[in-house]
Every structure is written in C-alpha cells, then in structure tokens.
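K.L.:
What follows is a structure written as structure tokens; I'll ask about it next.
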Amino acid sequence: MADEARRRHLLRAPSGYGKSVAMAQFWANRRQGGAYVAWTSAKECDYNPRLLAERIHAQIVAAYRATGNDPPPLPGAVPQTLHALAAWLQELIDQTKSIILLCFDDIGFHPDLTDEIEDFMLTAPADVEIVAATTAGIGFARIAARRQLREVGTDALAFSLVEANAVARGEPGILISEPDIHLLWKRTLGWAEPLCLLLQAASTNHATAGRLVVDRVTGRDSDLDRYFRSAILASLPSDVREFCIRASILGVISADYFNHVFNRGDGAYFIEKLSAERMLLTPQDRTQLCYEFHPLLREFLEHRFAVELHGLKSELFARAAQWQRASGHSRESISLYLRAGDLDAAAEVASTSMIDIALRQGEVDQIQLWRRSFSEAVSDPTIIVGSAWAQIFSHDQKQAAALLTELRALSAGLSDETARRRTKWWCDLVAAIGEATADNLAESRRQCELWIKLNGDADLVSRGAILTCLCFIAASERRFDDLEKLSIEASAVNIVADHRYALGWLHSAIIYSDISRGNMQGAAERLRCARNDNIAQINATPFSANLLEILELELRYETNQLDGIASRVDNILDFVRQHGVVDFLFSAFRTAAAIANREGDRRVASELLWEARLIAVKCTFPRLDVLARLALAYLLVLDDPNEASAILPAQSEPVFQTSHGPCLRAMRSLAEARIAARRGKHHLSGRLASATLDHARRSQSSRLEISALLCLAGANAATERLTVAEQRVADAIEIAERKGCYRTLLDERQYLEFLGPSSIPLLDLLPGDQDFGSHRIKLNDYPAFTSKEIKNDILTRKELAILHKIKDGLSNREIALKYRISEDTVKWHVHNIFSKFGVKNRVQAILLADSMKLFNN
Numbered sequence: 017m018a019d020e021a022r023r024r025h026l027l028r029a030p031s032g033y034g035k036s037v038a039m040a041q042f043w044a045n046r047r048q049g050g051a052y053v054a055w056t057s058a059k060e061c062d063y064n065p066r067l068l069a070e071r072i073h074a075q076i077v078a079a080y081r082a083t084g085n086d087p088p089p090l091p092g093a094v095p096q097t098l099h100a101l102a103a104w105l106q107e108l109i110d111q112t113k114s115i116i117l118l119c120f121d122d123i124g125f126h127p128d129l130t131d132e133i134e135d136f137m138l139t140a141p142a143d144v145e146i147v148a149a150t151t152a153g154i155g156f157a158r159i160a161a162r163r164q165l166r167e168v169g170t171d172a173l174a175f176s177l178v179e180a181n182a183v184a185r186g187e188p189g190i191l192i193s194e195p196d197i198h199l200l201w202k203r204t205l206g207w208a209e210p211l212c213l214l215l216q217a218a219s220t221n222h223a224t225a226g227r228l229v230v231d232r233v234t235g236r237d238s239d240l241d242r243y244f245r246s247a248i249l250a251s252l253p254s255d256v257r258e259f260c261i262r263a264s265i266l267g268v269i270s271a272d273y274f275n276h277v278f279n280r281g282d283g284a285y286f287i288e289k290l291s292a293e294r295m296l297l298t299p300q301d302r303t304q305l306c307y308e309f310h311p312l313l314r315e316f317l318e319h320r321f322a323v324e325l326h327g328l329k330s331e332l333f334a335r336a337a338q339w340q341r342a343s344g345h346s347r348e349s350i351s352l353y354l355r356a357g358d359l360d361a362a363a364e365v366a367s368t369s370m371i372d373i374a375l376r377q378g379e380v381d382q383i384q385l386w387r388r389s390f391s392e393a394v395s396d397p398t399i400i401v402g403s404a405w406a407q408i409f410s411h412d413q414k415q416a417a418a419l420l421t422e423l424r425a426l427s428a429g430l431s432d433e434t435a436r437r438r439t440k441w442w443c444d445l446v447a448a449i450g451e452a453t454a455d456n457l458a459e460s461r462r463q464c465e466l467w468i469k470l471n472g473d474a475d476l477v478s479r480g481a482i483l484t485c486l487c488f489i490a491a492s493e494r495r496f497d498d499l500e501k502l503s504i505e506a507s508a509v510n511i512v513a514d515h516r517y518a519l520g521w522l523h524s525a526i527i528y529s530d531i532s533r534g535n536m537q538g539a540a541e542r543l544r545c546a547r548n549d550n551i552a553q554i555n556a557t558p559f560s561a562n563l564l565e566i567l568e569l570e571l572r573y574e575t576n577q578l579d580g581i582a583s584r585v586d587n588i589l590d591f592v593r594q595h596g597v598v599d600f601l602f603s604a605f606r607t608a609a610a611i612a613n614r615e616g617d618r619r620v621a622s623e624l625l626w627e628a629r630l631i632a633v634k635c636t637f638p639r640l641d642v643l644a645r646l647a648l649a650y651l652l653v654l655d656d657p658n659e660a661s662a663i664l665p666a667q668s669e670p671v672f673q674t675s676h677g678p679c680l681r682a683m684r685s686l687a688e689a690r691i692a693a694r695r696g697k698h699h700l701s702g703r704l705a706s707a708t709l710d711h712a713r714r715s716q717s718s719r720l721e722i723s724a725l726l727c728l729a730g731a732n733a734a735t736e737r738l739t740v741a742e743q744r745v746a747d748a749i750e751i752a753e754r755k756g757c758y759r760t761l762l763d764e765r766q767y768l769e770f771l772g773p774s775s776i777p778l779l780d781l782l783p784g785d786q787d788f789g790s791h792r793i794k795l796n797d798y799p800a801f802t803s804k805e806i807k808n809d810i811l812t813r814k815e816l817a818i819l820h821k822i823k824d825g826l827s828n829r830e831i832a833l834k835y836r837i838s839e840d841t842v843k844w845h846v847h848n849i850f851s852k853f854g855v856k857n858r859v860q861a862i863l864l865a866d867s868m869k870l871f872n873n
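Position one of the sequence shown corresponds to residue 17 (this note's numbering), numbered consecutively onward.
Shown next as structure tokens:
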C-alpha cells in the first residue's frame, strides 16, 4: 500500500500553477533514470479515453524499439480502452521488469473521463508510476479513500519566496530588488504564471508607467489584464463570466449572500461550477458554505466590475451591507456601507459594535482604515473609543490622547449618569493600556490596578483587557510569579467574555516569558496550545496571529530550526514597524539581525539594529534604544572593540533606574566583558562575566547564563585555568540541551574564536551547527519548507555541480561567486539537493552522494 501511494500522483490546482511544468520535471527525471515514459494531454485527445490509450501505447512501444527491444503484442493493433492498456502493461512488466511512468495532463472537468482514468490507476500494475493533472476540484475520490493517491494541491505547487527569487535571478533581463520580489510574491501568493508576469513587469529593463505593478490590478496592468482575460474569462461561458464579475465585490461569497445582493436565485449553481469545475472559488472551511476568489483574481474582477457595471456599485454595496448587518457581521457591514457612501448607516452600526470590534476582536488595521471617514463627521463615543484603541496599538499615542480628550469633553455633556460613567471607564481603560504600549510600564501598572479598584462592576471584556495588560507588564518586567497568578484570573475572565484579542495577548505574554527565561521547550508547547485555542481563534485575529509570528521567529531561530525562516522576516518587520510594543519590536529586530549575521552579512545585521534605534527615537522608546545599542555592541565587538565601547549606553541613563534596570545592567556587563576580552584584559572580563552570571541565575535567564558562562570560560582559559574553563563550557552545553537554547550556544563560538590559541580547547568542546539541536524541539504548526510535494530522485546537472563544490568546502557565497549567480539561487539548489536526498545538512548530503558514487564522475 505504501509503495502504491508513492506511485499514483495527482496535481490538482487552477490554471497557471505550473502543473505541466512540475509533470515535465518528473517526466524528465524518470526518463534520465532509465524509465520508459509516456505523456499525453486529455485536451489534445478531445477527452477521448480510446485516444489516450492509443497514444500511451504508441509512445511506450516506440521507447522499447528505440532500445532494440520488442514489447509484447496486443490481440489487436492498439488498445481500445484504458482497461486493455492496463492488461498489456501488466504483461509487459511481467516479461521485462521495466520501469514505466505515464503522465495524463489537462484532464479538466470531465467526470466520465476522470472515472476511467481513476479506474486505470486502480487496475494498472503497481509498478507503473502514474501522474495526472486536473483543474477540477472533484474526482479521484475512490483511490484517495484507499490511500493510494498522493495529491499535490495549490499550496504545494505555488512558488515559495525562495523559488520566486530564483526565478527572478535566473531569467535574463529581469533586474528587480528583493523587497519588490517579496511584495509581488505576497500579492500573488505564489501563483506561478501571474507572478512571472509581474516580475517581468516590475523589471528595471521593462518597467514603464503603464506596466510597473505595485498595488492593485487596473486597466494599466496590460500583462495581467491580458492574462486574466485570455486564461480565465475567455474560457468561461458568458453567464459564469457575469457571475464572477458581480460576485467579486462581495469578498467572501455564499449562495444566500449573492442571491440577496443581486436579487437572483442561482448563486449555488454558479458556486458549484466555479469550485468543482475550475477551482476558481475556494471554500473557506470544510463546511463549504462560504467561498472566495484568489486575491489577485478578485482585484482583476473588481476592476472589470468598475468598468462594466459602475452605475450599480453604490446600490449593490448598500444591499450587501444590509445582508451582512442582518447576519450579525458588523465589521463587514460597516466597510460596505462606507464603500456605498452611506456614512450615517456605517456610523449607526459602528455605534453599537465598535467596542466589540476594537476590544474583543482586535481589528486594529480595519479601524485604522475607517478612521478618516469617521473622524471628519462622527462624534459617537463608542466610535471615538475604538479609534483611540487602534491608535495606542499603532505607535500614535498623541492622536490617541487627543481623541480621549475629545471624548472626556463629550462625556461631560451626557445627561445619562450610567453613560457618563461607562464613557469614563472606557477612557481610563484606553489610557492605562496606552501607557503600556508606550512602554511606560510602571505608570500603566498603577493605572490598571486603580481601574480595577474603581470599576469592579465593569463588563468582562473591559476587565479582561486590563488583567491581560497587567500580565504583559509582569512578563516584560520578569515578575514570573506574579504573571502565573494574574494569568489564571485573566484567562478565566477572557474565556467567559469570549475575548479573542485579549486571549491572543495573554498567550503571547506567557510565551514571551518562557522565551525570555530561555525555556524553549515550554515556549514551543505553549505556542502549540495557542494555535489550537478554539476560543482565541488566533488565525482569525490578524493582530494576534502576527504576535505569535514574532515569537515563533525567535523560537525557531533559538532552537536552530532554520529552514525557511528568512522568508518570514520581512512580514514580521513590517508588522512591528507599525504596531510593535518594545519587547516584541526588539525581539523581531534582534532575531532578524542574528539571522543576517549568521549568514555572514554583518552589515545588514547592523543596519537592522540601527533601524530599531530610529524607531525608538520616533516613538520615544528609550528602553528600545538601550536594547538596540547593547545588541550593536555585541555585534561591533567582533570587529572593533573601541567602536563597541563607544556605543554602549551609560548606566546613568534613566531607563537603568526602572524595573528593567537589573536586566539591562547585566546585559551591559556582558558587553563590557566581551570588550575587555577583545582588548586582552581577561581578568577584568572574568569579573564582569561573573557579575552577569550572578544576575542571570537570580533572574532565571538561561540564555544570558549560557553567554556569561562561555565568556567566563574564555577568560579562565586565557588566564591558564583550563580545567575550570572546560567545566564552564560543559555547564553551558548542559543548559542549552535542557532548555533548548541552541543558537545562543552556537553563536557564542564567534566570540571565543577571537581569543586566539587559548580558546581552541574550548571550541573543540562546543558542538557545531550540523550536529546540534536542529530537531530536538518540534514546531509542528510551522513546517519546514519543501519546494514541491513531489521530490525528484535524480540531481540536475547544476545541482550535481554545486554538490561537488559543497564537497570541496565552499560556502554558499563562494559557490555563488564561482558560478556568477545569486546566493539565494545557490540556497535554492542546495535545498533541492537536501530534499531529493532526504537529508538535513551538508555532511549527510556528501556522505550519501559518496555512497552513491556520484563523485566518481
């Protein structure tokens, strides 16, 4: 059964995802490996199974005769059915023990043909490998139920960011920056053909005002417009085409929703055709009640709607808003009323739902999009509260303060005492939590505790927000016992209140506390729990999902699970630039800098930390500035200890007198210890490292303890206390193993290497990248990158050449210079080599290749 499962493959995706290309790669590799191969297109055979059988038979016969052999004869001249072809293949394999691959391309939505091909898959010899490609969302259910089919879907066929970079670098004439490649990849979600068109359009050599694509599909985007017209719309019947254009304005589509807005009764029919026959509509979940277009296709269809049906737009948006409002979807209703130009109706819905949308759902970005429309003409207290709430999570404390001042003035004029009191507690709540997002944690804690004392009868959503803020402050200040007690109450209140946004922050605070203590095992487990929390609904709450992405980036780096990690950095940095609080801002920029430094690009690492300093100045985050300067000192000491010393913050700075002071002073002592070691002052380095070690142990900071132990070991070795130094290294390794702080240990090598001969015995004790930590902690929700679900068995000529250079000890950068290609392209080839070999590192790849005698040629 397991062998058959590997020999029946189905590529299922809409047009443009490179199914034929993936099949061609599979075909070429099998042929290169000595298999007899046949390829046929169902479309070219007019979807006739007899013609399919004839063409496959003819290709296999020709392949046999080309080798000087004659295949067994059939009773007739050619097989008349796929069933007869299966019988002939069985006889052929029985006689010759041949390796055979058959490819069925362009199957599409033809149920009778699909059933015959599925019957053929079930009856053909297990040794015959079969690959089929279809754009239909249904079919092949029987073989899938028997677990004999390996299905490769849209997600697996879509280009990864690494592949998008490789395509851009590999095509002649395409000159485009990596940030632009990343932008276009995000827009297309890896949809191959549109992505390639956009890369061409954004190329420096080809860009014009009408072809440079950066935001939305419009009539000026001639390449995309032509592609979608010819590849999508032209292939659709006129009634289906009309449905697509109309339904595009709805976003998430259901039959009832479409029927209401357009006063029709055929929504279910068209949804079925587009999802089952074309895969142009994708179900949101397993209930298959709601569907959506690919975002890029929807942009194009909305543009067609604006061109063809512009006069109906406001009326239809208003009807859509009414349906969403009646369905209890306030957020969607507000957006649609604003698009319809009905500000009064939008404000009416917002006045009863804004607190829920802001506090409980955490739709910060959505409220920011509404803010300008509301701020000009609306003075409803709940709308103002929601707007202020969005500002405190968007680095705009001044605007939030102005809105709260306006709201307090409005509340003074309210005649209803209950309304006045409720407005006051909202104002006090936003102000208290705003102090936390502004990193005034002591003041925020004071205001939060006062709020609880004065507003004991407040609603659970507000109380949950305040308690969660106190949990975040406790995590930031490393008051872990207080966090444990507070989190119990906060969790209970938030669960009862169904407070998704607060639960997301609560999960994040607890995971952050584990990471800051160096408890990576605990953080990984809590991360899994957070993602599986049905009440928090992390994936349905974008802000919360981004918070976990920040923490997961640091966790994956620290636990040495680096596959695909760099592709996440840009999205995470984009988020924290707009919304990050100090602790998460520093986590994101420090991890991004560590990744760049590990890849040998110390300049980029330094630039990232300087950017963090600029954000600190812009947002008045003095603690972030101190943290960034300390990280810069750690980085600069490798090249110039004097420059590192110059950038160190003075201990007289006010932030050292806050609750974070002890931790910051310990981090500063570690920087001074490294600087002293680089200057040859090893006794001083030892004293400073000892001070750091004492603090790390008192504060339960495993990563700081590992760094201090290794710095102290270097000082001990340099002062001829090798036995003590070796014990320090052993202690550091034990902590790293127990807690999962692998990268901290591995990255410390660079500091020891600068100490000269005295550190060589210590370096010999430390494990290397290739044999330490990469799979000790599993993050199942964040799978390692694989370029395609189908893993080819044979290396291409380029991959084989790169494998030879790996054996010669060249780095990725050296290989890139040798072959005059980008380093990203080298990484892509190396990853493909690892994927095909089923290995995890260079050593394993070289050993396996040597055992296969690949280096003999």
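All C-beta atoms, glycine included, are put in the ideal place defined by N, C-alpha and C.
By a C-beta neighbour count over all protein chains shown, 10 Å radius and 16 as the cutoff for buried, is residue 303 buried or exposed?
P.N.:
The residue labelled residue 303 in the question sits at position 287 within the sequence shown. It counts as exposed.
K.L.:
Apart from the five residues on each side of it in sequence, which residues of its chain come closer than 8 Å, Cβ to Cβ, to residue 595?
P.N.:
The residue you call residue 595 lines up with position 579 of the sequence shown. So the qualifying residues of the chain are 380, 409, 410, 411, 559, 562.
K.L.:
Kindly list the residues whose CB is nearer than 6 Å to the CB of residue 644, restricted to its own chain and excluding five residues on each side of it in sequence; keep chain order.
P.N.:
Along the sequence shown, one-based indexing puts residue 644 at 628. 625, 628, 629, listed in sequence order.
K.L.:
How long is the line joining the alpha carbons of residue 239 and residue 200, rounded to whole angstroms?
P.N.:
Counting from 1 along the sequence shown, the entry for residue 239 is found at position 223. Counting from 1 along the sequence shown, the entry for residue 200 is found at position 184. So the two alpha carbons sit approximately 14 Å from each other.
K.L.:
Do you know how far the Cα of residue 396 is from the Cα of residue 344?
P.N.:
Reading the sequence shown from its first residue, position 328 is the one you call residue 344. Reading the sequence shown from its first residue, position 380 is the one you call residue 396. One C-alpha to the other measures close to 21 Å.
K.L.:
Within a Cβ cutoff of 6 Å, which residues of the same chain sit near residue 348, ignoring the five residues on either side of it in sequence?
P.N.:
In the sequence shown, counting from the first residue as 1, residue 348 sits at position 332. Excluding residues within five positions, the ones whose Cβ falls inside 6 Å are 340.
K.L.:
Would you kindly report the start and end of the unbroken beta strand (DSSP E) that includes residue 25?
P.N.:
Counting from 1 along the sequence shown, the entry for residue 25 is found at position 9. Taken as a continuous stretch (DSSP letters only), the beta strand (DSSP E) holding residue 25 covers 24–28.
K.L.:
Tell me, which residues are paired with residue 150 by DSSP?
P.N.:
Within the sequence shown, numbered from 1, the residue matching residue 150 stands at position 134. Answer by DSSP bridge pairing, in chain order: 28.
K.L.:
Would DSSP call residue 135 helix, strand or coil?
P.N.:
On the sequence shown, residue 135 is found 119 positions in, with the first residue counted as 1. Residue state, collapsed to three classes: helix.
K.L.:
Count the other CB atoms, across all protein chains shown, that sit within 10 Å of the CB of residue 685; report buried if there are 16 or more and exposed otherwise.
P.N.:
Residue mapping note: residue 685 aligns to position 669 of the sequence shown, counting from 1. It is buried - the Cβ of residue 685 has at least 16 other Cβ atoms within 10 Å.
K.L.:
Please specify which runs of the alpha helix (DSSP H), each continuous and at least 4 residues long, are wholly inside the region 665–727, giving them in chain order.
P.N.:
Qualifying alpha helix (DSSP H) stretches, in chain order: 677–694, 698–714.
K.L.:
Count the other C-beta atoms from every protein chain shown that fall within 10 angstroms of the C-beta of residue 254, then say buried if there are 16 or more, exposed otherwise.
P.N.:
Taking the sequence shown and counting its residues from 1, one reaches residue 254 at position 238. Exposed is the call here.
K.L.:
In terms of residues, what are the limits of the beta strand (DSSP E) holding residue 207?
P.N.:
Within the sequence shown, the letter at position 191 stands for residue 207. Element bounds for residue 207: n/a, residue is neither H nor E.
K.L.:
So, for residue 243: in the same chain, excluding its five sequence neighbours on each side, which residues have a beta-carbon less than 7 Å away from its beta-carbon?
P.N.:
As a working mapping, residue 243 is identified with position 227 in the sequence shown. Closer than 7 Å at Cβ, skipping near neighbours: 209, 210, 213.
K.L.:
Quick check on DSSP: helix, strand or coil for residue 33?
P.N.:
Taking the first residue of the sequence shown as position 1, residue 33 is located at position 17. DSSP places residue 33 in coil when its eight states are reduced to three.
K.L.:
Put residue 145 into one of helix, strand or coil per three-state DSSP.
P.N.:
On the sequence shown, residue 145 is found 129 positions in, with the first residue counted as 1. Here residue 145 sits in strand by DSSP.
K.L.:
Using the beta-carbon count (16 or more within 10 Å), is residue 500 buried or exposed?
P.N.:
Looking up residue 500 in the sequence shown gives position 484. It counts as exposed.
K.L.:
In this structure, does DSSP put residue 226 in helix, strand or coil?
P.N.:
Locating residue 226 in the sequence shown gives position 210, where the first residue counts as 1. Reliability fails at residue 226, whose pLDDT of 41 lies under 50, so the model's placement of it is uncertain and no value is given.
K.L.:
Starting from residue 57, trace the beta strand (DSSP E) both ways and give me its first and last residue.
P.N.:
Residue mapping note: residue 57 aligns to position 41 of the sequence shown, counting from 1. 52–57 is the extent of the beta strand (DSSP E) around residue 57.
K.L.:
Name the two residues that bound the continuous beta strand (DSSP E) containing residue 299.
P.N.:
Walking along the sequence shown from the start, residue 299 turns up at place 283. From DSSP, the beta strand (DSSP E) with residue 299 extends over 297–299.
K.L.:
Identify the continuous beta strand (DSSP E) that holds residue 121 and give its terminal residues.
P.N.:
Position 105 of the sequence shown, counted from the first residue, corresponds to residue 121. It spans 116–121 - the beta strand (DSSP E) in which residue 121 sits, taken as one unbroken run.
K.L.:
In whole angstroms, give me the CA-to-CA distance for residue 727 and residue 439.
P.N.:
Reading the sequence shown from its first residue, position 711 is the one you call residue 727. Reading the sequence shown from its first residue, position 423 is the one you call residue 439. Computed Cα separation, rounded: 55 Å.
K.L.:
Spatial neighbours of residue 36 within its chain, please: CB distance less than 6 Å, with the 5 preceding and 5 following residues excluded, ordered by chain position.
P.N.:
The sequence position of residue 36 within the sequence shown is 20, counting from 1. Closer than 6 Å at Cβ, skipping near neighbours: 121.
K.L.:
Counting contacts by CB-CB distance shorter than 7 Å, is residue 746 in contact with chain C?
P.N.:
Looking at the structure shown, chain C is missing, and only one protein chain is on hand.
K.L.:
To which residues does DSSP link residue 309 through a beta bridge?
P.N.:
Residue numbering aside, residue 309 sits at position 293 when the sequence shown is read from its first letter. Bridge partners of residue 309: 297.
K.L.:
With DSSP run on the structure shown, which of helix, strand or coil describes residue 597?
P.N.:
Taking the first residue of the sequence shown as 1, we reach residue 597 at position 581. In the structure shown, residue 597 sits in coil (DSSP, three-state: anything other than H, G, I, E or B).
K.L.:
Spatial neighbours of residue 79 within its chain, please: C-beta separation below 6 Å, excluding the five flanking residues on both sides.
P.N.:
Stepping through the sequence shown from its first residue, residue 79 is reached at position 63. Only 52 meet the Cβ criterion.
K.L.:
Please list, in chain order, all residues of the same chain as residue 444 whose beta carbon is under 6 Å from its beta carbon, the five residues on each side excluded.
P.N.:
Position 428 of the sequence shown, counting from 1, holds the residue named residue 444. If we look at residue 444 and ignore the five residues flanking it on each side, its Cβ neighbours are 467.
K.L.:
Please state whether the Cβ-Cβ distance between residue 698 and residue 735 is less than 7 Å.
P.N.:
Taking the sequence shown and counting its residues from 1, one reaches residue 698 at position 682. Taking the sequence shown and counting its residues from 1, one reaches residue 735 at position 719. For residue 698 and residue 735, yes; Cβs fall inside 7 Å.
K.L.:
Under a Cβ-count criterion, where at least 16 other Cβ atoms within 10 Å of its own Cβ denotes burial, should residue 454 be classed as buried or exposed?
P.N.:
The residue you call residue 454 lines up with position 438 of the sequence shown. Buried, since its Cβ has 16 or more Cβ neighbours within 10 Å.
K.L.:
Please report the straight-line C-alpha distance between residue 864 and residue 654, rounded to a whole angstrom.
P.N.:
Counting from one through the sequence shown, the residue named residue 864 turns up at place 848. Counting from one through the sequence shown, the residue named residue 654 turns up at place 638. Using only the alpha carbons, I get a separation of about 36 Å.
K.L.:
Are residue 198 and residue 579 close, meaning C-beta to C-beta below 7 Å?
P.N.:
The residue you call residue 198 lines up with position 182 of the sequence shown. The residue you call residue 579 lines up with position 563 of the sequence shown. It is not a contact, given that the beta carbons lie outside the stated cut-off.
K.L.:
Quick one: what's residue 168 bridged to in DSSP?
P.N.:
Within the sequence shown, the letter at position 152 stands for residue 168. Note: residue 168 sits in a beta bridge opposite 27.
K.L.:
With DSSP as the reference, label residue 831 as helix, strand or coil.
P.N.:
Taking the sequence shown and counting its residues from 1, one reaches residue 831 at position 815. Note: residue 831 maps to helix in three-state DSSP.
K.L.:
Which class does residue 248 belong to by DSSP, given the choice of helix, strand or coil?
P.N.:
As a working mapping, residue 248 is identified with position 232 in the sequence shown. Residue state, collapsed to three classes: coil.
K.L.:
Cα separation between residue 828 and residue 839?
P.N.:
Locating residue 828 in the sequence shown gives position 812, where the first residue counts as 1. Locating residue 839 in the sequence shown gives position 823, where the first residue counts as 1. Whole-angstrom Cα-Cα distance: 6 Å.
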